[in-house]
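Number of protein chains: 2
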Amino acid sequence: MISLAEYGTLRFNELKRNLGISQRMLSLTLKELERDGLVNRTYHPTIPPKVEYNLTKMGQSFREPVSALGYWALENLSRIDAARETYDEASVN
Amino acid sequence: MISLAEYGTLRFNELKRNLGISQRMLSLTLKELERDGLVNRTYHPTIPPKVEYNLTKMGQSFREPVSALGYWALENLSRIDAARETYDEASVN
DNA sequence: CCGTATCCTAGTCGATACTG
DNA sequence: CAGTATCGACTAGGATACGG
Chain B
605 MISLAEYGTL RFNELKRNLG ISQRMLSLTL KELERDGLVN RTYHPTIPPK VEYNLTKMGQ
665 SFREPVSALG YWALENLSRI DAARETYDEA SVN
Chain E
605 MISLAEYGTL RFNELKRNLG ISQRMLSLTL KELERDGLVN RTYHPTIPPK VEYNLTKMGQ
665 SFREPVSALG YWALENLSRI DAARETYDEA SVN
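If you read the protein sequences in the order shown, they are chains B and E.
Quick note, the numbering used here runs 604 ahead of the 1-based positions in the first sequence.
Quick note, the numbering used here runs 604 ahead of the 1-based positions in the second sequence.
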């Protein structure tokens with residue numbers, strides 16, 4: 605996966621391509637993240653325009669607990685799937 | 605805060621009272637959590653009925669990354685608020 | 001007491017088209 | 001290229017009423 609975390613800096617369309625997200629949501633979300641101080645936006649007034657995004661210090665620190673959550677999910681997905689099967693099977697009454 | 609984490613086991617209306625959540629959402633959410641194997645549901649067929657909920661082993665392990673996220677939020681809320689003020693102030697153009 | 005069923009509103013998000 | 005504007009489908013979730 606291409607992400608700000610690995611690549612440090614990415615442009616708008618690079619993010620869009622790699623995030624299965626609509627242009628609208630990417631724009632809204634980036635603006636939110638920038639407002640919250642998690643993402644840094646750098647505008648280069650060239651032609652064509654070029655805008656680069658990267659994580660702020662706080663944005664990077666946010667990755668830690670989020671990654672932990674992601675790892676938890678990976679480790680437990682199979683258990684959850686199994687629990688669902690059990691539950692659904694018992695519900696077929 | 606009264607929670608399954610501290611109290612171990614709580615009844616439906618105890619949870620409802622302490623969660624600022626509608627009966628409908630509590631019911632739906634508990635059912636989901638039970639299905640996913642995060643929450644245990646014990647039905648006592650007394651009169652009036654009594655249903656107890658507690659965290660499963662997996663539910664308890666889930667608290668770890670979620671708590672980490674919560675602590676991150678607590679530690680950074682003021683920074684986020686400050687970033688928002690800065691952003692909003694710069695946007696008043 | 002512990003839910004389920006129904007209705008309704010407000011928000012989320014993609015698709016599409018347009019701008020500097 | 002990097003957005004904004006508009007619309008329409010879908011969903012989340014509260015309020016209310018009812019049932020075992």
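The C-beta atom is built at its ideal place from N, Cα and C for all residues, glycine as well.
Item, Value
"Residue-chain proximity (Met662 (chain E), chain B), Cβ-Cβ < 7 angstroms", "yes"
"7 angstroms Cβ cutoff met for Glu638 (chain E) and Arg645 (chain E)", "yes"
"Distance, Val643 (chain B) Cα to Leu634 (chain B) Cα", "7 angstroms"
"Sub-7 angstroms separation of Glu656 (chain E) and Arg615 (chain E) beta-carbons", "yes"
"Ser626 (chain E) versus Glu636 (chain E): straight-line alpha-carbon distance, rounded", "15 angstroms"
"Pick from B:Gly624, B:Gly663, B:Ser671 that is closest to Gly612 (chain B), judged by C-alpha positions", "B:Gly663"
"Asp640 (chain E), buried or exposed, once every other Cβ within 10 Å from all chains shown has been counted against 16", "buried"
"8 angstroms Cβ cut-off: residues of chain B touching Glu638 (chain E)", "Tyr691"
"Simplified DSSP assignment, three categories, for Asn658 (chain E)", "strand"
"Proximal chain B residues relative to Arg645 (chain E), where beta-carbon distance stays under 7 angstroms", "Residues of chain B passing the Cβ test: none, with the nearest at roughly 10 angstroms."
"Where Thr650 (chain B) sits in the DSSP three-state scheme", "coil"
"Buried or exposed by the 16-neighbour rule on C-beta atoms within 10 Å, applied to Leu608 (chain B)", "buried"
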